[in-house]
Amino acid sequence: MDPRLSEQKALLEEYRQALRARRACRCHFDFCDPEYLDAAIFALGAAERRIGALIKTAKKEKVTAWRRP
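In UniProt numbering, the protein residues as written are 1 to 69.
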């Protein structure tokens with residue numbers, strides 16, 4: 001297997017994990033006690049920044065989620 005392809009798959013999997021983590025943070029934010037709201041906001045912001053960083057990396061590496069012809 002091409003090492004570059006392996007790296008791309010790893011990056012896509014990390015992106016999918018980041019999306020799941022953001023979904024979990026959003027759920028926590030929606031249902032947390034008011035005293036935990038600041039922590040939920042911080043976690044959600046961090047999850048969104050992680051996704052943004054992964055997208056930036058994917059663009060730089062020219063990674064796509066589909067196969068090129």
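Note that the Cβ used here is the ideal one computed from N, Cα and C, for glycine as well.
With DSSP run on the structure shown, which of helix, strand or coil describes A65?
coil
Quick one: using the 10 Å Cβ neighbour count with 16 as the cut-off for buried, is A47 buried or exposed?
buried
Please confirm if the segment 47–67 is in contact with the segment 12–24, defined as three or more CB-CB distances below 8 angstroms between the two stretches.
yes
Could you work out which residue in L44, Q8, C32 is closest to A65 when comparing CA atoms only?
Q8
Kindly indicate which three-state DSSP category D38 falls into: helix, strand or coil?
helix
Should F29 and L44 be called a contact, given that it needs their Cβ atoms to be closer than 8 angstroms?
Yes, they are a contact pair.
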